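Student:
There are 2 protein chains.
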Amino acid sequence: MATEANPIGRKPRADAERNRLKLLAAARAAFTAQGELVSMEEVARSAGVGIGTLYRHFPNRNDLVVEVYRNEMARLLEAARNLSGTDEPLEALRLWLLLFVDHLADNIILADALQALVGDKAKDDAAATEQLSEALDLLVARPVSNGEIPDPGIDPLDLLRTLYGVATATPGVEWPKAARRMVDILINGMKAG
Amino acid sequence: MATEANPIGRKPRADAERNRLKLLAAARAAFTAQGELVSMEEVARSAGVGIGTLYRHFPNRNDLVVEVYRNEMARLLEAARNLSGTDEPLEALRLWLLLFVDHLADNIILADALQALVGDKAKDDAAATEQLSEALDLLVARPVSNGEIPDPGIDPLDLLRTLYGVATATPGVEWPKAARRMVDILINGMKAG
DNA sequence: TTAAATACGGAGGCTCCCTCCGTTTATCAA
DNA sequence: TTGATAAACGGAGGGAGCCTCCGTATTTAA
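Sequence order for the protein chains is A and B. For the first sequence, the working numbering assigns the number 39 to the initial residue and increments by one for each residue that follows. For the second sequence, the working numbering assigns the number 39 to the initial residue and increments by one for each residue that follows.
#1: State the Cα-Cα distance for the pair residue 114/B and residue 136/B, rounded to the nearest angstrom.
#2: Might you give, ordered along the chain, the residues of its own chain that have their beta carbon closer than 7 Å to the beta carbon of residue 139/A, omitting 5 neighbours on each side?
#3: Closer than 9 Å by beta-carbon distance: list the chain A residues that pair up with residue 145/B, in chain order.
#4: Residues of chain B with a CB under 9 Å from the CB of residue 228/A: which are they?
#5: Grouping DSSP H, G and I as helix and E and B as strand, with all else coil, what is residue 252/A?
#6: Taking only the alpha-carbon atoms, compute the straight-line gap between residue 212/B and residue 184/B and give it to the nearest angstrom.
#7: For residue 219/B, would you say it is in contact with chain A, using Cβ-to-Cβ distances shorter than 7 Å as the test?
#8: Between the alpha carbons of residue 66/B and residue 65/A, how many angstroms are there, rounded?
#9: So, helix, strand or coil for residue 22/A, using DSSP?
#10: Could you work out which residues of chain B lie near residue 216/A, taking near to mean beta carbons separated by less than 7 Å?
#11: When the Cα of residue 110/B is compared with those of 143/B, 133/B and 48/B, which residue comes out closest?
#12: Residues in the same chain with beta-carbon distance under 8 Å from residue 182/A, minus the five sequence neighbours each way, listed in chain order, please.
#13: Around the C-beta of residue 167/A, are 16 or more other C-beta atoms found within 10 angstroms, so that it is buried, or is it exposed?
#14: Can you tell me the Cα-Cα spacing of residue 132/A and residue 116/A, whole angstroms?
#15: Could you check whether residue 120/A and residue 227/B sit closer than 7 Å to each other, using their CB atoms as the reference points?
#16: If you draw a straight line from the alpha carbon of residue 108/A to that of residue 229/A, how long is it in whole angstroms?
#17: Hey, does residue 185/B have any beta-carbon neighbour from chain A nearer than 7 Å?
#18: For residue 6/A, name the three-state secondary structure that DSSP assigns.
#19: State the Cα-Cα distance for the pair residue 129/A and residue 180/A, rounded to the nearest angstrom.
#20: Which residues of chain B have a Cβ atom closer than 7 Å to the Cβ of residue 73/A, listed in chain order?
#21: Which residues in the same chain as residue 88/A place their Cβ atom closer than 8 Å to its Cβ, once the five residues preceding and following it in sequence are excluded?
#22: Run through chain B and tell me which residues come within less than 7 Å of residue 139/A, C-beta to C-beta.
#23: What is the rounded straight-line gap between the Cα of residue 60/A and the Cα of residue 197/A?
#24: Which residues of chain A have a Cβ atom closer than 8 Å to the Cβ of residue 34/B, listed in chain order?
#25: Ends of the alpha helix (DSSP H) at residue 77/A?
#26: Would you kindly work out how many angstroms separate the C-alpha atoms of residue 100/B and residue 58/A, rounded to a whole number?
#27: From which residue to which residue does the alpha helix (DSSP H) around residue 91/A run?
#28: Could you work out which residues of chain B lie near residue 231/A, taking near to mean beta carbons separated by less than 8 Å?
#29: Taking the straight line between their C-alpha atoms, what separation do you get for residue 20/A and residue 203/B?
#30: So, for residue 174/B: in the same chain, excluding its five sequence neighbours on each side, which residues have a beta-carbon less than 6 Å away from its beta-carbon?
#31: Around the C-beta of residue 48/B, are 16 or more other C-beta atoms found within 10 angstroms, so that it is buried, or is it exposed?
#32: In angstroms with no decimal places, state the Cα-to-Cα distance between residue 192/A and residue 97/A.
#33: Going along the chain, which residues of its own chain have a beta-carbon closer than 6 Å to the beta-carbon of residue 170/A, five neighbours each way excluded?
Right, dumping it as structure tokens:
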């Protein structure tokens with residue numbers, strides 16, 4: 039999908055594509071290891087390219103972070119699609135939220151990046167946010183329509199924002215337990231609506 | 039409370055105290071108007087002091103933010119203490135959480151600073167976090183002990199983290215409505231525990 | 001009034017993010 | 001195969017921010 043012939047007719051240069059992939063891999067590794075605070079210089083260095091090259095591929099820091107995170111998102115969306123076909127709608131939602139917690143736990147270091155997708159910087163990656171939202175809508179709509187829960191009266195993304203808050207605002211590494219417990223509270227709370 | 043004689047015996051200098059207050063006021067105004075991104079230089083300038091003076095009073099950016107926010111916290115703690123004596127424990131908790139949302143709404147611009155109190159940077163201001171936690175424990179313990187809700191199995195601060203997540207990760211200005219709705223979901227969710 | 005303690009302010013070090021542009025390399029037409 | 005040219009490369013350097021250092025100025029106490 040990145041090797042299409044471009045409109046001008048010339049094939050994209052192989053080195054460009056190669057460096058782009060190297061940069062994404064290096065950024066992924068660096069962000070995971072050290073958090074979003076890694077300097078752009080260090081990402082470029084560990085990818086073995088110059089800083090200028092990094093900036094040609096990703097015009098600013100946020101673009102790079104968003105791109106790295108977008109890949110992480112794929113599995114989650116896939117899971118949502120699979121679950122949205124199961125027999126127990128509410129349980130499907132619950133399981134998916136737990137999956138989201140695991141996902142956060144694996145990528146807590148990228149949590150600030152996540153905010154770029156769920157939060158205010160969303161303009162930068164409206165497509166991914168929309169996908170996430172669609173997946174969630176699917177999972178929430180079914181238990182609503184079958185009466186398991188009344189109209190929750192919230193944007194389904196708020197469920198994720200909630201978990202994001204627990205994940206990022208809790209000191210230490212014990213937060214996933216709290217977040218999982220929070221999933222039950224949220225589900226029960228919506229049922230009781 | 040700041041004009042005590044110090045152990046050495048010398049009275050603190052008047053200009054120091056004056057500048058400290060000017061700095062706090064300027065920081066409060068600047069953070070509220072422009073968010074936490076305001077530069078330290080600008081805070082110093084608008085307070086009419088040099089950057090060196092700012093750093094003598096507040097050794098780093100976070101110390102300044104925490105100090106500004108600590109003042110904002112007072113009303114909230116006061117309210118918690120008052121509510122913790124009312125007749126309907128669960129309703130008291132609900133009301134206080136709504137108050138917390140209002141508080142966030144008034145200070146959304148300082149939300150990142152809030153995280154310093156509820157979140158990982160908490161070491162920087164352990165005292166304030168502990169107070170907040172104590173107030174919450176009070177409000178949560180009563181509905182638990184009188185059976186209105188079973189042991190929620192979470193750190194009460196998680197309730198705030200949840201609301202913080204909704205407040206900061208939602209684009210635009212519509213989030214307080216969602217956060218208020220979330221308060222009900224949380225309360226109901228804990229009841230159904 | 002004078003000495004000592006304390007506070008003041010801003011130049012400058014260091015680190016970032018990002019831009020600019022001269023140099024190098026890959027692609028394509030002949 | 002070769003040469004022309006579009007495209008990519010890399011890193012010096014501009015600009016901004018955080019924070020330190022230290023010579024100067026002010027306040028306090030004797």
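Here a beta-carbon is modelled for each residue, glycine too, at the ideal position from N, C-alpha and C. None of these values were measured; they are calculated from a predicted model.
Tutor: The answer reads as follows:
#1: Here the question's residue 114/B lines up with position 76 in the second sequence. Here the question's residue 136/B lines up with position 98 in the second sequence. For residue 114/B and residue 136/B, the distance between alpha carbons rounds to 11 Å.
#2: Position 101 of the first sequence, counting from 1, holds the residue named residue 139/A. Here the set comprises 201, 214, 217, 218 and 221.
#3: On the second sequence, residue 145/B is found 107 positions in, with the first residue counted as 1. Result: empty, since nearest Cβ-Cβ is about 15 Å, beyond 9 Å.
#4: As a working mapping, residue 228/A is identified with position 190 in the first sequence. The answer, in chain order, is 223, 226 and 227.
#5: The structure shown does not extend to residue 252/A, since chain A is modelled only from 39 to 231, so the question has no answer here.
#6: Locating residue 212/B in the second sequence gives position 174, where the first residue counts as 1. Locating residue 184/B in the second sequence gives position 146, where the first residue counts as 1. Those two C-alpha atoms are separated by around 35 Å.
#7: Within the second sequence, numbered from 1, the residue matching residue 219/B stands at position 181. Yes, its Cβ sits closer than 7 Å to a Cβ of chain A.
#8: Within the second sequence, numbered from 1, the residue matching residue 66/B stands at position 28. Within the first sequence, numbered from 1, the residue matching residue 65/A stands at position 27. Roughly 36 Å separates the two Cα atoms.
#9: This structure does not reach residue 22/A, given that chain A is present from 39 up to 231, and the question cannot be answered.
#10: Here residue 216/A corresponds to residue number 178 of the first sequence, with the count starting at 1. Result: 192, 193 and 196.
#11: On the second sequence, position 72 is the one that residue 110/B refers to. The candidate whose alpha carbon is nearest that of residue 110/B is 143/B.
#12: By 1-based counting over the first sequence, the position of residue 182/A is 144. Here the set comprises 188, 189 and 190.
#13: Here the question's residue 167/A lines up with position 129 in the first sequence. With 16 or more Cβ atoms within 10 Å of its Cβ, residue 167/A is classed as buried.
#14: Taking the first residue of the first sequence as position 1, residue 132/A is located at position 94. Taking the first residue of the first sequence as position 1, residue 116/A is located at position 78. So the alpha carbons of these two residues sit roughly 16 Å apart.
#15: To locate residue 227/B, count along the second sequence from 1; it is residue 189. To locate residue 120/A, count along the first sequence from 1; it is residue 82. Contact: no.
#16: As a position in the first sequence, residue 108/A is number 70, starting the count at 1. As a position in the first sequence, residue 229/A is number 191, starting the count at 1. Roughly 32 Å between the two C-alpha positions.
#17: Here residue 185/B is taken as the residue at index 147 of the second sequence, counted from 1. No, its Cβ sits nowhere closer than 7 Å to a Cβ of chain A.
#18: Chain A is shown only over 39 to 231; residue 6/A falls outside these bounds and no answer can be derived.
#19: By one-based count along the first sequence, residue 129/A stands at place 91. By one-based count along the first sequence, residue 180/A stands at place 142. Taking the straight line from one Cα to the other gives about 11 Å.
#20: Residue numbering aside, residue 73/A sits at position 35 when the first sequence is read from its first letter. Result: empty, since nearest Cβ-Cβ is about 11 Å, beyond 7 Å.
#21: Walking along the first sequence from the start, residue 88/A turns up at place 50. The residues are 82.
#22: Indexing the first sequence from 1 puts residue 139/A at position 101. None at all; the shortest Cβ gap to chain B is about 13 Å.
#23: Working through the first sequence from its first residue, we reach residue 60/A at position 22. Working through the first sequence from its first residue, we reach residue 197/A at position 159. Distance between the alpha carbons of residue 60/A and residue 197/A is about 34 Å.
#24: With chain B running from 39 to 231 in the structure shown, residue 34/B is simply not present.
#25: Counting from 1 along the first sequence, the entry for residue 77/A is found at position 39. Taken as a continuous stretch (DSSP letters only), residue 77/A belongs to no alpha helix (DSSP H), as it is neither H nor E.
#26: On the second sequence, residue 100/B is found 62 positions in, with the first residue counted as 1. On the first sequence, residue 58/A is found 20 positions in, with the first residue counted as 1. Cα-Cα distance, rounded: 36 Å.
#27: Here residue 91/A refers to the residue found at position 53 of the first sequence. Taken as a continuous stretch (DSSP letters only), the alpha helix (DSSP H) holding residue 91/A covers 89–95.
#28: Here residue 231/A refers to the residue found at position 193 of the first sequence. Simply 222, 223 and 226.
#29: In this structure chain A extends from 39 to 231, so residue 20/A is not present and cannot be described.
#30: Taking the second sequence and counting its residues from 1, one reaches residue 174/B at position 136. Only 194 meet the Cβ criterion.
#31: Position 10 of the second sequence, counted from the start, is the residue given in the question as residue 48/B. When all chains shown are included, residue 48/B counts as exposed.
#32: Taking the first sequence and counting its residues from 1, one reaches residue 192/A at position 154. Taking the first sequence and counting its residues from 1, one reaches residue 97/A at position 59. If I take the Cα positions, the gap works out to 35 Å.
#33: Along the first sequence, one-based indexing puts residue 170/A at 132. None.
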